[in-house]
Amino acid sequence: MSTPRRRQKPAREPAGLAARRIAVEIVDDALHRRQTLDAALDVEHGQAGLAALEPRDRAFVKVLATETIRRHGQIRALLSAYLDKPLPKSAGRTMAILEVGACQILFLDVPAHAVVDTAVGLAAADRAGRHFRGLVNAVLRRVAGDREALLARPDGVRATAPDWLAQRWIAAYGAETAQAIMAAHLAEPPLDLTVKSDPQGWADQLGGAALPTGTVRIPKAGDIAALPGFADGAWWVQDVAAALPARLLGDVAGLRVADICAAPGGKTAQLAAAGASVTAVDRSASRMARLEANLARLGLAAEPVVADAAAWEPGTRFDAILLDAPCSATGTLRRHPDIAWIRREAEIARLADLQGRLLRRAFDLVTPGGTLLYATCSLEPQECEAQISKILGSGLAIERKPIAASEIAGLGQCITPDGDLRTLPCHAPWPEGAAPGDGGMDGFFAARLVRTA
(Lines of atoms letter the chains of each structure in order from A; the text may use other names.)
(Lines give C-alpha, C1' and ligand atoms only; values in the text may rest on other atoms or scores of the structure.)
Protein backbone atom coordinates (compact mmCIF):
# COMPACT_ATOMS: atom_id res chain seq x y z
CA MET A 1 0.00 0.00 0.00
CA SER A 2 1.51 3.29 -1.08
CA THR A 3 1.97 6.14 1.35
CA PRO A 4 -0.06 9.26 0.46
CA ARG A 5 2.13 12.12 -0.68
CA ARG A 6 2.12 15.22 1.42
CA ARG A 7 0.65 18.28 -0.19
CA GLN A 8 3.32 20.85 -0.74
CA LYS A 9 2.76 24.31 0.62
CA PRO A 10 2.64 26.95 -2.10
CA ALA A 11 5.92 28.78 -2.40
CA ARG A 12 5.94 32.14 -0.71
CA GLU A 13 6.43 35.14 -2.94
CA PRO A 14 9.69 37.03 -2.47
CA ALA A 15 9.39 40.04 -0.16
CA GLY A 16 7.77 42.99 -1.89
CA LEU A 17 6.68 41.07 -4.98
CA ALA A 18 2.95 41.11 -4.15
CA ALA A 19 2.96 44.87 -3.56
CA ARG A 20 4.78 45.51 -6.81
CA ARG A 21 2.48 43.18 -8.73
CA ILE A 22 -0.58 45.07 -7.51
CA ALA A 23 1.09 48.40 -8.32
CA VAL A 24 1.76 47.15 -11.86
CA GLU A 25 -1.88 46.11 -12.27
CA ILE A 26 -3.10 49.50 -11.03
CA VAL A 27 -0.76 51.39 -13.36
CA ASP A 28 -1.74 49.21 -16.30
CA ASP A 29 -5.45 49.68 -15.61
CA ALA A 30 -5.11 53.46 -15.21
CA LEU A 31 -2.84 54.16 -18.18
CA HIS A 32 -3.90 51.55 -20.69
CA ARG A 33 -7.51 50.86 -19.73
CA ARG A 34 -8.44 54.42 -18.70
CA GLN A 35 -9.57 53.48 -15.22
CA THR A 36 -9.17 56.23 -12.64
CA LEU A 37 -6.44 55.80 -10.07
CA ASP A 38 -8.94 56.11 -7.21
CA ALA A 39 -11.09 53.36 -8.71
CA ALA A 40 -8.07 51.16 -9.33
CA LEU A 41 -6.89 51.58 -5.75
CA ASP A 42 -10.32 50.55 -4.51
CA VAL A 43 -10.19 47.28 -6.46
CA GLU A 44 -8.47 44.24 -4.97
CA HIS A 45 -6.04 43.22 -7.69
CA GLY A 46 -4.77 39.66 -8.02
CA GLN A 47 -5.35 36.75 -5.67
CA ALA A 48 -3.69 38.44 -2.71
CA GLY A 49 -5.26 41.87 -3.19
CA LEU A 50 -4.62 45.10 -1.34
CA ALA A 51 -6.57 43.95 1.72
CA ALA A 52 -4.18 41.05 2.27
CA LEU A 53 -1.10 43.26 2.42
CA GLU A 54 0.51 44.65 5.53
CA PRO A 55 -0.26 48.36 6.11
CA ARG A 56 3.27 49.36 5.11
CA ASP A 57 2.98 47.42 1.83
CA ARG A 58 -0.42 48.95 1.10
CA ALA A 59 1.09 52.40 1.56
CA PHE A 60 3.97 51.42 -0.74
CA VAL A 61 1.52 50.30 -3.43
CA LYS A 62 -0.22 53.68 -3.36
CA VAL A 63 3.03 55.65 -3.45
CA LEU A 64 4.50 53.50 -6.23
CA ALA A 65 1.39 53.52 -8.41
CA THR A 66 0.77 57.26 -7.94
CA GLU A 67 4.37 58.28 -8.57
CA THR A 68 4.61 56.08 -11.67
CA ILE A 69 1.49 57.68 -13.11
CA ARG A 70 2.64 61.16 -12.06
CA ARG A 71 5.87 60.57 -13.97
CA HIS A 72 4.31 58.54 -16.79
CA GLY A 73 5.17 60.88 -19.64
CA GLN A 74 8.69 61.40 -18.37
CA ILE A 75 9.31 57.68 -17.77
CA ARG A 76 7.86 56.68 -21.13
CA ALA A 77 10.10 59.20 -22.89
CA LEU A 78 13.18 57.88 -21.08
CA LEU A 79 12.34 54.23 -21.77
CA SER A 80 11.87 54.88 -25.48
CA ALA A 81 15.65 55.22 -25.82
CA TYR A 82 16.00 51.53 -24.86
CA LEU A 83 13.20 50.15 -27.03
CA ASP A 84 13.65 49.78 -30.77
CA LYS A 85 9.90 49.95 -31.31
CA PRO A 86 6.69 50.05 -29.27
CA LEU A 87 5.81 46.82 -27.54
CA PRO A 88 3.09 44.75 -29.23
CA LYS A 89 -0.31 44.16 -27.64
CA SER A 90 0.81 40.59 -27.00
CA ALA A 91 3.33 41.91 -24.46
CA GLY A 92 0.72 41.88 -21.70
CA ARG A 93 1.69 44.09 -18.77
CA THR A 94 5.34 44.38 -19.84
CA MET A 95 5.19 48.14 -20.37
CA ALA A 96 3.64 48.70 -16.95
CA ILE A 97 6.31 46.47 -15.38
CA LEU A 98 9.02 48.55 -17.06
CA GLU A 99 7.46 51.85 -15.95
CA VAL A 100 7.01 50.74 -12.35
CA GLY A 101 10.56 49.42 -12.29
CA ALA A 102 12.02 52.59 -13.80
CA CYS A 103 10.08 54.74 -11.33
CA GLN A 104 11.62 52.89 -8.40
CA ILE A 105 15.14 53.19 -9.78
CA LEU A 106 14.91 56.82 -10.88
CA PHE A 107 12.63 58.51 -8.38
CA LEU A 108 12.13 56.32 -5.30
CA ASP A 109 15.75 55.33 -4.64
CA VAL A 110 14.94 51.62 -4.39
CA PRO A 111 18.10 49.47 -4.83
CA ALA A 112 18.41 48.55 -8.49
CA HIS A 113 19.12 44.86 -7.90
CA ALA A 114 15.87 44.47 -5.94
CA VAL A 115 13.92 46.30 -8.64
CA VAL A 116 15.34 44.22 -11.47
CA ASP A 117 14.83 40.90 -9.66
CA THR A 118 11.19 41.59 -8.79
CA ALA A 119 10.44 43.05 -12.24
CA VAL A 120 11.79 39.94 -13.97
CA GLY A 121 9.72 37.81 -11.58
CA LEU A 122 6.60 39.79 -12.47
CA ALA A 123 7.33 39.45 -16.19
CA ALA A 124 7.86 35.69 -15.86
CA ALA A 125 4.52 35.34 -14.06
CA ASP A 126 2.64 37.39 -16.68
CA ARG A 127 1.07 34.80 -18.97
CA ALA A 128 0.88 37.19 -21.91
CA GLY A 129 4.25 38.87 -21.46
CA ARG A 130 6.51 36.17 -20.04
CA HIS A 131 8.52 36.04 -23.27
CA PHE A 132 9.62 39.63 -22.61
CA ARG A 133 11.31 38.96 -19.26
CA GLY A 134 14.72 39.11 -20.90
CA LEU A 135 13.90 42.53 -22.29
CA VAL A 136 12.70 43.68 -18.87
CA ASN A 137 15.97 42.54 -17.32
CA ALA A 138 18.12 44.24 -19.96
CA VAL A 139 16.21 47.56 -20.06
CA LEU A 140 16.04 48.06 -16.31
CA ARG A 141 19.73 47.22 -15.87
CA ARG A 142 20.56 49.88 -18.46
CA VAL A 143 18.25 52.38 -16.73
CA ALA A 144 20.06 51.72 -13.47
CA GLY A 145 23.45 52.19 -15.12
CA ASP A 146 22.39 55.43 -16.82
CA ARG A 147 20.42 56.81 -13.86
CA GLU A 148 22.34 60.06 -13.34
CA ALA A 149 22.37 60.90 -17.05
CA LEU A 150 18.65 60.18 -17.39
CA LEU A 151 17.76 62.40 -14.43
CA ALA A 152 19.86 65.22 -15.91
CA ARG A 153 17.83 65.34 -19.12
CA PRO A 154 16.13 68.74 -19.51
CA ASP A 155 12.83 67.52 -20.96
CA GLY A 156 11.41 65.90 -17.81
CA VAL A 157 8.97 68.66 -16.86
CA ARG A 158 7.58 69.03 -20.39
CA ALA A 159 6.73 65.32 -20.46
CA THR A 160 4.45 65.47 -17.42
CA ALA A 161 1.40 66.13 -19.59
CA PRO A 162 0.30 64.85 -23.01
CA ASP A 163 1.20 67.25 -25.81
CA TRP A 164 -2.38 68.34 -26.51
CA LEU A 165 -2.86 69.41 -22.90
CA ALA A 166 0.50 71.18 -22.64
CA GLN A 167 -0.29 73.11 -25.81
CA ARG A 168 -3.63 74.26 -24.36
CA TRP A 169 -1.87 75.56 -21.25
CA ILE A 170 0.75 77.37 -23.31
CA ALA A 171 -2.00 79.03 -25.35
CA ALA A 172 -3.95 80.02 -22.21
CA TYR A 173 -1.16 81.08 -19.83
CA GLY A 174 2.02 81.47 -21.86
CA ALA A 175 5.02 79.15 -22.07
CA GLU A 176 6.63 80.22 -18.78
CA THR A 177 3.51 79.77 -16.66
CA ALA A 178 2.63 76.50 -18.43
CA GLN A 179 6.12 75.22 -17.55
CA ALA A 180 5.58 76.23 -13.92
CA ILE A 181 2.22 74.42 -13.86
CA MET A 182 3.78 71.22 -15.16
CA ALA A 183 6.66 71.49 -12.70
CA ALA A 184 4.17 71.84 -9.84
CA HIS A 185 2.51 68.59 -10.91
CA LEU A 186 5.74 66.69 -10.25
CA ALA A 187 5.70 67.43 -6.53
CA GLU A 188 3.78 65.25 -4.10
CA PRO A 189 1.07 67.53 -2.68
CA PRO A 190 0.63 68.10 1.04
CA LEU A 191 -2.57 67.28 2.91
CA ASP A 192 -4.94 70.26 3.28
CA LEU A 193 -7.70 70.32 5.89
CA THR A 194 -10.66 72.62 6.40
CA VAL A 195 -11.30 72.94 10.13
CA LYS A 196 -14.48 73.98 11.89
CA SER A 197 -12.56 76.32 14.20
CA ASP A 198 -9.13 77.19 15.63
CA PRO A 199 -6.87 76.59 12.58
CA GLN A 200 -3.71 77.44 14.49
CA GLY A 201 -4.60 75.09 17.34
CA TRP A 202 -5.17 72.21 14.95
CA ALA A 203 -2.03 73.07 12.99
CA ASP A 204 -0.03 72.81 16.22
CA GLN A 205 -1.68 69.53 17.19
CA LEU A 206 -1.24 67.94 13.76
CA GLY A 207 2.27 69.20 13.13
CA GLY A 208 1.25 71.41 10.23
CA ALA A 209 0.83 75.08 9.40
CA ALA A 210 -2.20 77.36 9.35
CA LEU A 211 -2.39 79.06 5.95
CA PRO A 212 -3.67 82.64 5.70
CA THR A 213 -7.00 81.36 4.34
CA GLY A 214 -7.59 79.23 7.44
CA THR A 215 -6.68 75.93 5.81
CA VAL A 216 -4.42 73.66 7.85
CA ARG A 217 -1.62 72.14 5.79
CA ILE A 218 0.24 68.97 6.81
CA PRO A 219 3.35 67.93 4.83
CA LYS A 220 2.78 64.16 5.12
CA ALA A 221 -0.23 62.60 6.78
CA GLY A 222 -0.09 58.79 6.58
CA ASP A 223 -3.37 57.22 7.69
CA ILE A 224 -5.84 60.13 7.61
CA ALA A 225 -8.47 58.34 9.70
CA ALA A 226 -5.93 57.89 12.50
CA LEU A 227 -5.19 61.61 12.83
CA PRO A 228 -6.51 63.49 15.87
CA GLY A 229 -9.83 65.14 15.16
CA PHE A 230 -10.94 62.84 12.34
CA ALA A 231 -13.26 60.65 14.39
CA ASP A 232 -14.58 63.72 16.23
CA GLY A 233 -15.49 65.47 12.97
CA ALA A 234 -13.28 68.48 13.68
CA TRP A 235 -12.08 68.80 10.07
CA TRP A 236 -12.31 67.40 6.57
CA VAL A 237 -9.86 66.99 3.71
CA GLN A 238 -10.10 69.82 1.16
CA ASP A 239 -7.43 71.49 -0.95
CA VAL A 240 -6.82 75.12 -0.04
CA ALA A 241 -8.03 76.23 -3.49
CA ALA A 242 -11.19 74.11 -3.29
CA ALA A 243 -12.05 75.84 -0.01
CA LEU A 244 -12.07 79.32 -1.56
CA PRO A 245 -15.28 79.36 -3.69
CA ALA A 246 -17.69 78.85 -0.78
CA ARG A 247 -16.13 81.85 0.98
CA LEU A 248 -17.16 84.06 -1.93
CA LEU A 249 -20.84 83.76 -1.01
CA GLY A 250 -20.11 85.84 2.08
CA ASP A 251 -22.23 85.50 5.23
CA VAL A 252 -24.65 82.68 4.45
CA ALA A 253 -26.05 82.22 7.97
CA GLY A 254 -29.81 81.70 7.70
CA LEU A 255 -29.79 81.68 3.87
CA ARG A 256 -31.22 78.92 1.69
CA VAL A 257 -28.33 77.72 -0.45
CA ALA A 258 -28.26 75.03 -3.12
CA ASP A 259 -24.94 73.24 -3.65
CA ILE A 260 -25.28 71.78 -7.14
CA CYS A 261 -23.04 68.84 -8.10
CA ALA A 262 -22.22 68.70 -4.41
CA ALA A 263 -20.54 65.33 -3.79
CA PRO A 264 -18.30 64.44 -2.03
CA GLY A 265 -19.44 67.37 0.09
CA GLY A 266 -16.52 69.61 1.06
CA LYS A 267 -18.31 72.79 0.01
CA THR A 268 -21.62 71.56 1.45
CA ALA A 269 -19.84 71.12 4.79
CA GLN A 270 -18.41 74.65 4.59
CA LEU A 271 -21.84 76.15 3.93
CA ALA A 272 -23.55 74.09 6.63
CA ALA A 273 -20.84 74.95 9.16
CA ALA A 274 -21.38 78.64 8.32
CA GLY A 275 -25.05 78.37 9.23
CA ALA A 276 -26.70 78.03 5.82
CA SER A 277 -29.71 75.84 5.15
CA VAL A 278 -28.14 73.71 2.43
CA THR A 279 -29.75 71.59 -0.24
CA ALA A 280 -27.06 69.33 -1.71
CA VAL A 281 -27.78 68.05 -5.21
CA ASP A 282 -25.89 65.35 -7.09
CA ARG A 283 -26.95 62.90 -9.79
CA SER A 284 -24.93 59.99 -8.37
CA ALA A 285 -26.60 58.02 -5.58
CA SER A 286 -23.29 56.44 -4.52
CA ARG A 287 -21.54 59.81 -4.35
CA MET A 288 -24.47 61.25 -2.41
CA ALA A 289 -24.19 58.40 0.07
CA ARG A 290 -20.56 59.36 0.55
CA LEU A 291 -21.59 63.00 1.09
CA GLU A 292 -24.12 61.98 3.73
CA ALA A 293 -21.53 59.81 5.49
CA ASN A 294 -19.07 62.71 5.52
CA LEU A 295 -21.66 65.07 6.96
CA ALA A 296 -22.62 62.53 9.62
CA ARG A 297 -19.00 62.27 10.77
CA LEU A 298 -18.77 66.05 10.89
CA GLY A 299 -22.04 66.48 12.78
CA LEU A 300 -23.42 68.73 10.03
CA ALA A 301 -26.77 68.64 8.25
CA ALA A 302 -27.97 69.27 4.71
CA GLU A 303 -30.93 68.17 2.62
CA PRO A 304 -29.63 65.55 0.15
CA VAL A 305 -31.23 65.34 -3.29
CA VAL A 306 -30.26 62.76 -5.91
CA ALA A 307 -31.22 64.36 -9.21
CA ASP A 308 -29.91 65.53 -12.58
CA ALA A 309 -29.40 69.21 -11.79
CA ALA A 310 -30.03 70.21 -15.41
CA ALA A 311 -33.64 68.99 -15.08
CA TRP A 312 -34.14 69.45 -11.33
CA GLU A 313 -37.45 71.05 -10.30
CA PRO A 314 -37.28 71.94 -6.60
CA GLY A 315 -40.41 74.10 -6.74
CA THR A 316 -38.64 77.03 -5.10
CA ARG A 317 -35.78 79.47 -5.60
CA PHE A 318 -32.68 79.90 -3.47
CA ASP A 319 -30.95 82.89 -1.93
CA ALA A 320 -27.65 81.61 -3.28
CA ILE A 321 -26.42 78.79 -5.48
CA LEU A 322 -22.96 77.25 -5.65
CA LEU A 323 -22.53 75.35 -8.90
CA ASP A 324 -19.37 73.27 -8.81
CA ALA A 325 -19.79 72.13 -12.38
CA PRO A 326 -18.58 68.78 -13.75
CA CYS A 327 -15.38 69.47 -15.66
CA SER A 328 -12.18 67.99 -17.05
CA ALA A 329 -10.59 68.35 -13.56
CA THR A 330 -7.26 69.35 -15.12
CA GLY A 331 -6.66 71.61 -12.12
CA THR A 332 -6.36 68.61 -9.79
CA LEU A 333 -3.46 66.78 -11.45
CA ARG A 334 -1.28 67.31 -8.37
CA ARG A 335 -3.55 64.89 -6.51
CA HIS A 336 -4.98 62.95 -9.47
CA PRO A 337 -2.18 62.61 -12.05
CA ASP A 338 -4.08 59.91 -13.95
CA ILE A 339 -6.53 62.52 -15.25
CA ALA A 340 -3.92 63.89 -17.66
CA TRP A 341 -3.70 60.51 -19.39
CA ILE A 342 -7.33 59.42 -19.10
CA ARG A 343 -8.91 62.57 -20.50
CA ARG A 344 -9.25 63.19 -24.23
CA GLU A 345 -9.33 66.67 -25.74
CA ALA A 346 -12.71 66.07 -27.36
CA GLU A 347 -14.28 65.62 -23.92
CA ILE A 348 -13.71 69.27 -23.04
CA ALA A 349 -16.22 70.51 -25.62
CA ARG A 350 -18.81 68.01 -24.39
CA LEU A 351 -18.28 69.07 -20.80
CA ALA A 352 -18.46 72.75 -21.78
CA ASP A 353 -21.90 72.15 -23.30
CA LEU A 354 -23.07 70.52 -20.06
CA GLN A 355 -21.63 73.37 -17.99
CA GLY A 356 -23.52 75.91 -20.06
CA ARG A 357 -26.81 74.09 -19.52
CA LEU A 358 -26.21 73.75 -15.78
CA LEU A 359 -25.28 77.41 -15.47
CA ARG A 360 -28.45 78.45 -17.27
CA ARG A 361 -30.52 76.18 -15.02
CA ALA A 362 -28.84 77.57 -11.90
CA PHE A 363 -29.81 81.07 -13.01
CA ASP A 364 -33.45 79.98 -13.10
CA LEU A 365 -33.19 78.67 -9.53
CA VAL A 366 -31.66 81.70 -7.84
CA THR A 367 -33.95 84.43 -6.57
CA PRO A 368 -33.63 87.99 -7.98
CA GLY A 369 -30.91 89.72 -6.02
CA GLY A 370 -29.40 86.35 -5.13
CA THR A 371 -25.86 85.16 -5.81
CA LEU A 372 -24.80 82.47 -8.26
CA LEU A 373 -21.26 81.19 -7.74
CA TYR A 374 -19.91 79.20 -10.69
CA ALA A 375 -16.81 77.09 -10.02
CA THR A 376 -14.72 74.38 -11.69
CA CYS A 377 -11.47 72.60 -10.87
CA SER A 378 -10.34 73.06 -14.48
CA LEU A 379 -7.44 74.93 -16.07
CA GLU A 380 -9.27 75.15 -19.40
CA PRO A 381 -10.67 78.61 -20.30
CA GLN A 382 -13.36 76.90 -22.40
CA GLU A 383 -14.83 75.51 -19.19
CA CYS A 384 -14.28 78.64 -17.11
CA GLU A 385 -13.95 82.20 -18.44
CA ALA A 386 -15.75 81.33 -21.67
CA GLN A 387 -18.80 80.10 -19.74
CA ILE A 388 -19.05 83.38 -17.85
CA SER A 389 -18.65 85.46 -21.00
CA LYS A 390 -21.38 83.42 -22.63
CA ILE A 391 -23.99 83.86 -19.89
CA LEU A 392 -23.16 87.55 -19.40
CA GLY A 393 -23.69 88.07 -23.12
CA SER A 394 -26.93 86.06 -23.24
CA GLY A 395 -29.29 88.92 -22.38
CA LEU A 396 -30.27 87.38 -19.04
CA ALA A 397 -30.70 89.66 -16.03
CA ILE A 398 -27.33 88.78 -14.55
CA GLU A 399 -24.10 90.61 -13.82
CA ARG A 400 -20.66 89.86 -12.44
CA LYS A 401 -19.79 90.84 -8.88
CA PRO A 402 -15.99 91.08 -8.86
CA ILE A 403 -14.00 89.33 -6.15
CA ALA A 404 -11.60 91.31 -3.97
CA ALA A 405 -8.28 89.94 -2.75
CA SER A 406 -9.34 90.76 0.82
CA GLU A 407 -12.07 88.08 0.52
CA ILE A 408 -9.46 85.36 -0.01
CA ALA A 409 -6.86 86.36 2.59
CA GLY A 410 -4.99 88.72 0.30
CA LEU A 411 -4.18 86.23 -2.47
CA GLY A 412 -4.18 88.94 -5.13
CA GLN A 413 -2.26 86.76 -7.58
CA CYS A 414 -5.37 84.58 -7.76
CA ILE A 415 -7.70 87.36 -8.99
CA THR A 416 -8.11 87.86 -12.75
CA PRO A 417 -8.42 91.32 -14.39
CA ASP A 418 -12.18 90.67 -14.68
CA GLY A 419 -12.44 90.04 -10.93
CA ASP A 420 -12.82 86.24 -11.05
CA LEU A 421 -10.89 83.69 -9.00
CA ARG A 422 -8.18 81.76 -10.86
CA THR A 423 -5.74 79.63 -8.88
CA LEU A 424 -2.92 77.72 -10.54
CA PRO A 425 -0.90 74.75 -9.25
CA CYS A 426 2.21 76.96 -9.25
CA HIS A 427 0.59 79.58 -6.98
CA ALA A 428 1.79 79.73 -3.37
CA PRO A 429 -1.02 79.89 -0.78
CA TRP A 430 0.36 83.15 0.63
CA PRO A 431 -0.21 86.77 -0.39
CA GLU A 432 2.44 88.12 -2.72
CA GLY A 433 5.37 89.46 -0.75
CA ALA A 434 4.41 87.55 2.40
CA ALA A 435 6.14 84.56 3.95
CA PRO A 436 7.04 81.95 1.33
CA GLY A 437 4.69 79.03 0.97
CA ASP A 438 5.28 75.65 -0.59
CA GLY A 439 3.13 72.86 -1.91
CA GLY A 440 1.13 75.01 -4.30
CA MET A 441 -2.60 74.55 -4.70
CA ASP A 442 -5.07 72.98 -7.10
CA GLY A 443 -6.17 74.87 -10.19
CA PHE A 444 -9.61 76.38 -9.55
CA PHE A 445 -11.82 78.94 -11.23
CA ALA A 446 -14.78 80.75 -9.71
CA ALA A 447 -16.93 83.65 -10.86
CA ARG A 448 -19.52 85.39 -8.71
CA LEU A 449 -22.70 86.45 -10.47
CA VAL A 450 -25.80 88.24 -9.21
CA ARG A 451 -29.27 87.87 -10.67
CA THR A 452 -30.61 91.37 -11.03
CA ALA A 453 -34.23 92.35 -10.51
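FYI, UniProt numbering numbers position 50 of the sequence shown as 50, with every residue one higher than the one before it. Glycine is no exception: its CB is placed at the ideal position from the N, C-alpha and C atoms.
>> In the DSSP assignment, the beta strand (DSSP E) including tryptophan 235 goes from what residue to what residue?
In response: Here residue 235 corresponds to residue number 235 of the sequence shown, with the count starting at 1. Unbroken beta strand (DSSP E) run through tryptophan 235: 235-237.
> Three-state secondary structure (DSSP) at isoleucine 260?
Replying inline: Within the sequence shown, numbered from 1, the residue matching residue 260 stands at position 260. Strand.
> Got a sec, what are the start and stop residues for the beta strand (DSSP E) threonine 66 sits in?
Replying inline: By 1-based counting over the sequence shown, the position of residue 66 is 66. That residue, threonine 66, is in no beta strand (DSSP E); its alpha helix (DSSP H) goes 55-70.
>> Does aspartate 177 come out as helix, strand or coil in the three-state DSSP assignment?
In response: Taking the first residue of the sequence shown as 1, we reach residue 177 at position 177. Strictly speaking, residue 177 in this sequence is threonine, with aspartate absent from that position. DSSP places threonine 177 in helix when its eight states are reduced to three.
> Based on Cα-Cα distance, which residue from Lys220, Asp223 and Trp202 lies nearest to glycine 214?
Replying inline: Locating residue 214 in the sequence shown gives position 214, where the first residue counts as 1. Nearest option by C-alpha distance: Trp202.
> Is it true that the CB of proline 425 sits closer than 7 Å to the CB of arginine 70?
Replying inline: Residue numbering aside, residue 70 sits at position 70 when the sequence shown is read from its first letter. Residue numbering aside, residue 425 sits at position 425 when the sequence shown is read from its first letter. Contact flag unset, no.
> What three-state label does DSSP hand leucine 249 in the structure shown?
Replying inline: Position 249 of the sequence shown, counted from the start, is the residue given in the question as residue 249. Looking at leucine 249 - three-state DSSP - the assignment turns out to be coil, as it is neither helix nor strand.
> What are the start and end residues of each continuous alpha helix (DSSP H) run of 4 or more residues lying completely inside the stretch 283-365, in chain order?
Replying inline: Fully enclosed alpha helix (DSSP H) runs of 4 or longer: 285-298, 339-342 and 345-365.
> On the three-state DSSP scale, how would you describe serine 394?
Replying inline: Working through the sequence shown from its first residue, we reach residue 394 at position 394. In this structure, DSSP gives serine 394 a state outside helix and strand, which the three-state scheme calls coil.
> Hey, is histidine 427's beta-carbon within less than 7 Å of any beta-carbon in chain C?
Replying inline: Looking at the structure shown, chain C is missing, and only one protein chain is on hand.
> What did DSSP end up calling glycine 369 once you bin it into helix, strand or coil?
Replying inline: In the sequence shown, residue 369 corresponds to position 369, counting from 1. Judged by DSSP in its simplified three-state form, glycine 369 adopts strand.
> For glutamate 399 versus valine 450, is the C-beta spacing smaller than 7 Å?
Replying inline: Start at 1 with the first residue of the sequence shown, and residue 399 comes out as number 399. Start at 1 with the first residue of the sequence shown, and residue 450 comes out as number 450. Yes, the Cβ-Cβ distance between glutamate 399 and valine 450 is below 7 Å.
> Any idea what DSSP makes of serine 389, helix, strand or coil?
Replying inline: On the sequence shown, residue 389 is found 389 positions in, with the first residue counted as 1. Three-state DSSP puts serine 389 in a helix.
>> Starting from isoleucine 105, trace the alpha helix (DSSP H) in both directions and tell me its first and last residue.
In response: In the sequence shown, the residue the question calls residue 105 occupies position 105. Segment 94-107, the alpha helix (DSSP H) holding isoleucine 105.
>> Let me check one thing: in DSSP terms, what residues is arginine 21 bridge-paired to?
In response: To locate residue 21, count along the sequence shown from 1; it is residue 21. Within the DSSP bridge table, the entry for arginine 21 names no partner.
> Does the distance from the CB of glycine 101 to the CB of leucine 37 come in under 7 Å?
Replying inline: By 1-based counting over the sequence shown, the position of residue 101 is 101. By 1-based counting over the sequence shown, the position of residue 37 is 37. No, the pair does not count as a contact, with Cβ atoms beyond the cut-off.
> To which residues of the same chain is arginine 287 closer than 6 Å at the C-beta, ignoring the five residues directly before and after it?
Replying inline: One-based indexing of the sequence shown puts residue 287 at position 287. Hits under 6 Å: Ala263.
> Quick one, which of Val257, Asn137, Asp126 and Arg344 has its alpha-carbon nearest tryptophan 164's?
Replying inline: By 1-based counting over the sequence shown, the position of residue 164 is 164. Scanning Val257, Asn137, Asp126 and Arg344 for the CA closest to the CA of tryptophan 164 turns up Arg344.
> Which parts of the stretch 197-246 are runs of the alpha helix (DSSP H), unbroken and 4 residues or longer, counting only runs that do not cross its ends?
Replying inline: When DSSP assignments are scanned along the stretch 197-246, the uninterrupted stretches of alpha helix (DSSP H) that are 4 or more residues long and fall wholly within it turn out to be 199-206.
> Where do the N-terminal and C-terminal ends of the beta strand (DSSP E) with arginine 451 fall, by residue?
Replying inline: As a position in the sequence shown, residue 451 is number 451, starting the count at 1. For arginine 451, the enclosing beta strand (DSSP E) covers residues 444-451.
> Between the beta-carbon of leucine 271 and the beta-carbon of valine 240, is there less than 7 Å?
Replying inline: Numbered from 1 along the sequence shown, position 271 holds the residue referred to as residue 271. Numbered from 1 along the sequence shown, position 240 holds the residue referred to as residue 240. Not a contact, by the Cβ cut-off of 7 Å.
>> Give me the DSSP bridge partner(s) of leucine 421.
In response: Counting from 1 along the sequence shown, the entry for residue 421 is found at position 421. In DSSP, leucine 421 forms a bridge with Ile415 and Ala446.
>> Comparing C-alpha positions only, which one of Arg58, Cys103, Ile388 and Gly393 sits nearest to aspartate 420?
In response: In the sequence shown, residue 420 corresponds to position 420, counting from 1. Minimum Cα distance to aspartate 420 is reached at Ile388.
>> Can you tell me whether leucine 151 is buried or exposed? The criterion is at least 16 other CB atoms within 10 Å of its CB, across all chains shown.
In response: Within the sequence shown, residue 151 is the residue found at index 151, counting from 1. Exposed, since its Cβ has fewer than 16 Cβ neighbours within 10 Å.
>> Suppose the cutoff is 7 Å on Cβ atoms and the five residues either side in sequence are ignored; what does the same chain contact list for histidine 427 look like?
In response: Against the sequence shown, residue 427 aligns to sequence position 427. Result list for histidine 427: Gln413, Cys414, Gly440 and Met441, in chain order.
> Under the three-state reduction of DSSP, which class applies to glutamate 380: helix, strand or coil?
Replying inline: Here residue 380 corresponds to residue number 380 of the sequence shown, with the count starting at 1. Glutamate 380 falls in the coil class under three-state DSSP.
> When DSSP labels each residue in this structure, what does alanine 172 get in the three-state scheme?
Replying inline: Position 172 of the sequence shown, counted from the first residue, corresponds to residue 172. DSSP places alanine 172 in helix when its eight states are reduced to three.
> Taking all protein chains shown into account, do 16 or more other C-beta atoms lie within 10 angstroms of the C-beta of alanine 246, making it buried, or fewer, making it exposed?
Replying inline: Within the sequence shown, the letter at position 246 stands for residue 246. Within a 10 Å sphere around the beta-carbon of alanine 246 sit 16 or more other beta-carbons, which makes this residue buried.
> Do you know whose CA, among Ala405, Thr367, Gln355 and Cys103, lies nearest isoleucine 391's CA?
Replying inline: Start at 1 with the first residue of the sequence shown, and residue 391 comes out as number 391. Here the closest residue by C-alpha is Gln355.
> Is the stretch 255-269 touching the stretch 209-228, taking contact as three or more C-beta pairs under 8 Å?
Replying inline: Judged by pairs of C-beta atoms under 8 Å, the stretch 255-269 does not touch the stretch 209-228, as fewer than three such pairs exist.
> Roughly how many whole angstroms lie between the Cα atoms of alanine 149 and serine 378?
Replying inline: Working through the sequence shown from its first residue, we reach residue 149 at position 149. Working through the sequence shown from its first residue, we reach residue 378 at position 378. Taking the straight line joining both Cα atoms gives about 35 Å.
> In three-state DSSP terms, what is aspartate 192?
Replying inline: Counting from one through the sequence shown, the residue named residue 192 turns up at place 192. Here aspartate 192 sits in strand by DSSP.
> Whose CA, out of Trp312, Gly73 and Asp28, lies closest to the CA of alanine 183?
Replying inline: The sequence position of residue 183 within the sequence shown is 183, counting from 1. Scanning Trp312, Gly73 and Asp28 for the CA closest to the CA of alanine 183 turns up Gly73.
>> If I measure Cβ to Cβ from alanine 269 and keep anything under 6 Å in the same chain, skipping five residues before and after, which residues do I get?
In response: Mapped onto the sequence shown, residue 269 falls at position 269. If we look at alanine 269 and ignore the five residues flanking it on each side, its Cβ neighbours are Trp236, Leu298 and Leu300.
> Taking Cβ to Cβ, would you say isoleucine 97 is nearer than 7 Å to alanine 119?
Replying inline: By one-based count along the sequence shown, residue 97 stands at place 97. By one-based count along the sequence shown, residue 119 stands at place 119. A contact, by the Cβ cut-off of 7 Å.
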